[in-house]
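Note that the sequence shown covers residues 413 to 550 in my numbering. All residues carry an ideal CB built from backbone N, CA and C; glycine is no exception. These numbers come from a predicted model, not from an experiment.
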Amino acid sequence: TSSELVVAPVASKKGYTAENVAFVDFFHVYFAPGDALNEGDEVWSRPGNATNGLARVSLDGGHDVTFTRDGKKIFWFLGPYLHSLEISKLKKCSSAIDEDPVNFGISCVKNQLRYQEVVVEHSTDIARLKRDADNREQ
Numbered sequence: 413t414s415s416e417l418v419v420a421p422v423a424s425k426k427g428y429t430a431e432n433v434a435f436v437d438f439f440h441v442y443f444a445p446g447d448a449l450n451e452g453d454e455v456w457s458r459p460g461n462a463t464n465g466l467a468r469v470s471l472d473g474g475h476d477v478t479f480t481r482d483g484k485k486i487f488w489f490l491g492p493y494l495h496s497l498e499i500s501k502l503k504k505c506s507s508a509i510d511e512d513p514v515n516f517g518i519s520c521v522k523n524q525l526r527y528q529e530v531v532v533e534h535s536t537d538i539a540r541l542k543r544d545a546d547n548r549e550q
């Protein structure tokens, strides 16, 4: 089952509709174009019963999926790496996506991905308390 689902909304006369949808299923990140979805449709990554136009965008998995505000890029983490994909680059893989009902075009999509390591350092509360105690003693 899907553990995450995110939508890149677009304003319409009726409010907002899904321009694009991304979700995590079995630890992989998938992308579904909004124009392939109708209101109330469910999204699936099951071979033989997958959402039309579905693309697998993660090579090794991912989590914490999000779109940019304008919906033109998708981001997700895997370990210490932030992965990204410009949605427009999926057009280069449209035939691979259409012809791959099992892996949904990842053999092509993987060449469109970008990633960078994210390093975050911070002190723990214990380290801060020790530092504060040392400063009080002096």
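Any idea which residues DSSP pairs residue i with across the strands?
i	result
Q528	L494
D447	Its beta-bridge partners do not exist; DSSP assigns none.
A467	F443
W488	H495
A423	Y428
L417	F435
State yes or no: is the C-beta of residue i nearer than 6 angstroms to some heavy atom of the ligand SAM?
i	result
H440	In terms of ligand content, the structure shown is empty, and the ligand SAM therefore cannot be addressed.
So which of the options has the shortest CA-CA distance to residue i?
i	options	result
H495	K504, K503, G474 and R481	G474
K503	V532, K484 and H534	K484
E451	V419, I486, V532 and V531	V419
H516	A545, E549, R548 and L471	First, the amino acid is wrong: residue 516 is Phe here, not His. F516 has its Cα closest to that of L471, out of A545, E549, R548 and L471.
F443	V521, G427 and D482	V521
C505	D453, A467, P459 and P445	A467
L417	E454, E533, G427 and A423	E454
In chain order, what residues of the same chain lie with their CB nearer than 6 angstroms to the CB of residue i, ignoring the 5 residues before and after it?
i	result
Y527	Y493 and H495
G446	A430, E431 and N432
Could you pull out every residue in the same chain whose Cβ sits closer than 8 angstroms to the Cβ of residue i, ignoring the five residues on either side in sequence?
i	result
S519	A508 and D512
K501	Q524
Using the C-alpha atoms, what's the distance from residue j back to residue i?
i	j	result
V514	K425	37 angstroms
T536	N547	17 angstroms
V469	L490	12 angstroms
D482	E431	10 angstroms
T429	F479	15 angstroms
N464	P421	19 angstroms
L497	I486	5 angstroms
L541	F438	41 angstroms
E529	A545	35 angstroms
I499	I538	44 angstroms
Please work out which residues of its chain come closer than 7 angstroms, Cβ to Cβ, to residue i, disregarding the five sequence neighbours upstream and downstream, and give them in chain order.
i	result
S415	V436
V441	A434, V469, S470, G474, V477 and W488
W456	A462 and T463
P459	P513 and V514
Name the two residues that bound the continuous alpha helix (DSSP H) containing residue i.
i	result
E549	D537 to E549
D397	The chain is shown from 413 up to 550; residue 397 falls before or after that span and cannot be answered.
From what residue to what residue does the beta strand (DSSP E) around residue i run?
i	result
A434	G427 to D437
V521	From DSSP, V521 is part of no beta strand (DSSP E) but of the alpha helix (DSSP H) over I518 to V521.
H475	H475 to F479
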